Structure formats: C-alpha cells, structure tokens
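A.B. asks: This is the structure, below, for whatever I ask next.
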Amino acid sequence: MWKPEHRQAAKRDGVRYPSDLTDAEWALIGPMIPPAKRGGRPRDVDVREVLNAILYVLSTGCQWQALPKDFPPKSTAHYYFMLWDWDGTLEHIHHALYVAVREQAGREASPSVAIIDSQSGKAAQKGGLRSTRKAMMRARRSRVVSATSWSTRSACC
C-alpha cells in the first residue's frame with residue numbers, strides 16, 4: 138500500500154522527464170560508469186545525459202530517432218548503450234542496485250529460495266534453449282493442416 142513516506146520517496150520533482158536520474162540516484166550510479174579510455178580524444182559528452190537518454194528510450198519505448206533534442210545525439214546514446222551492454226556495465230549497475238534494494242528492505246543480498254513452475258522445469262529437462270528457440274521460430278504449415286490445398290492438388294492432378 139502506498140503510504141506518505143513511499144509517495145515522498147517516489148516523487149520526481151526537479152527533473153525534466155520522469156525517467157531522468159535524480160542527484161541521489163546519480164550519486165549511486167555515477168561511480169559505476171567506466172572512465173574514458175586513455176589516449177585518443179578526451180570524452181566531451183555528459184555521461185549523465187547519455188544515461189538519461191537511454192533511460193528515456195527504455196521507459197517510453199520510443200525509437201532512438203525519436204529522442205527529444207535536449208538529449209545527446211541518438212547515435213551517441215545508442216553507442217554508449219551498446220558499449221555498456223557489451224562490457225557488462227549495465228549488468229553491474231543492475232546487480233548493485235538489486236543488492237542495495239534487498240538490503241534496504243532487510244533481506245539478504247541474494248535470494249535463498251527460488252520457485253520454479255512446472256513449465257520451467259519441463260523446459261530445463263528438454264534442454265531449455267532448444268525449446269525456446271523453437272517457440273520463437275515461425276511455424277511451417279504442413280499440407281495436412283491445410284485441407285483445402287491438399288484436396289485441390291489431388292483433385293486436379
């Protein structure tokens with residue numbers, strides 16, 4: 138249930154968009170962003186704004202081309218998104234925030250119990266990846282399923 142203290146904590150006053158990072162959130166996440174590479178041209182982009190652009194795309198579901206003009210260019214935001222996904226920065230941030238939220242709630246950092254439903258168990262027994270790959274593939278129609286095409290082929294030939 139939402140209580141006054143929960144509403145106060147979830148308030149997003151002072152940010153342009155609801156997806157923008159507050160100063161307190163940036164204080165937690167900022168140190169986890171890797172520094173610019175040594176050598177070459179120094180980084181001239183505001184990394185906080187890049188992260189705000191990434192969060193905007195992820196929270197609204199808009200296309201990269203539809204980023205508002207007050208964010209860095211879409212190519213820059215997408216480049217950093219792909220880079221941080223590839224080098225594990227986003228996963229590191231997610232894990233650190235996950236652990237912090239669990240500890241703040243008075244729980245252990247990692248869950249001690251897992252619940253697996255019967256479908257997940259069956260998928261794991263069959264080899265997991267194959268069953269999910271099969272589900273994502275486009276189904277082929279057999280001649281038996283389509284009775285009309287089967288009957289017309291045999292009738293005409």
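In the numbering used here, each residue carries its 1-based index in the sequence shown increased by 137. Even for Gly, the Cβ is constructed at its ideal location relative to N, Cα and C. As the structure is a computational prediction, the values presented were derived from the model and not from experiment.
Specify the secondary structure class of Ser255 as computed by DSSP and reduced to three states.
C.D. replies: Of the three classes helix, strand and coil, the one that applies to Ser255 here is helix, per DSSP.
A.B. asks: At which residues does the alpha helix (DSSP H) containing Tyr213 begin and terminate?
C.D. replies: The sequence given here has Thr at residue 213, not Tyr. Here the alpha helix (DSSP H) through Thr213 covers Lys211 to Asp224.
A.B. asks: Anyone know if the C-beta pair for Ile170 and Val184 falls short of 8 angstroms?
C.D. replies: Cβ distance < 8 angstroms, so Ile170 and Val184 count as in contact.
A.B. asks: Inspect the CB distances between the stretch 153-161 and the stretch 187-200 and report whether three or more fall short of 8 angstroms.
C.D. replies: With a cut-off of 8 angstroms, the stretch 187-200 and the stretch 153-161 count as touching, because enough Cβ pairs lie within range.
A.B. asks: Can you tell me whether Val194 is buried or exposed, with buried defined as 16 or more other CB within 10 angstroms of its CB?
C.D. replies: It is buried - the Cβ of Val194 has at least 16 other Cβ atoms within 10 Å.
A.B. asks: Taking 8 angstroms as the threshold (C-beta atoms), are Ala214 and Leu227 in contact?
C.D. replies: No, Cβ-Cβ distance for Leu227 and Ala214 is not below 8 angstroms.
A.B. asks: Excluding the 5 residues flanking Met273 on each side, which residues of the same chain have their C-beta closer than 6 angstroms to its C-beta?
C.D. replies: Caution applies to Met273, whose pLDDT of 45 falls short of 50 and renders its modelled position unreliable; the value that the coordinates give is listed next. For Met273, where only same-chain residues beyond five positions count, there are no Cβ hits under 6 angstroms.
A.B. asks: Alpha carbon to alpha carbon, what distance is there between Gln241 and Asp150?
C.D. replies: The alpha-carbon atoms of Asp150 and Gln241 are separated by roughly 23 angstroms.
A.B. asks: Return helix, strand or coil for Pro172, following the three-state DSSP convention.
C.D. replies: DSSP places Pro172 in coil when its eight states are reduced to three.
A.B. asks: Count the other C-beta atoms from every protein chain shown that fall within 10 angstroms of the C-beta of Trp221, then say buried if there are 16 or more, exposed otherwise.
C.D. replies: Trp221 comes out buried.
A.B. asks: If you reduce the DSSP assignment to three classes, tell me which class Asp160 lands in.
C.D. replies: In the structure shown, Asp160 sits in a helix (DSSP, three-state: H, G or I).
A.B. asks: Mapping the DSSP letters down to three states, classify Ser196 as helix, strand or coil.
C.D. replies: Three-state result, Ser196: helix.
A.B. asks: On a CA-only basis, which of Ser255, Pro141 and Val236 is nearest Pro248? Give me that one, please.
C.D. replies: When each option's Cα is compared against that of Pro248, the closest is Val236.
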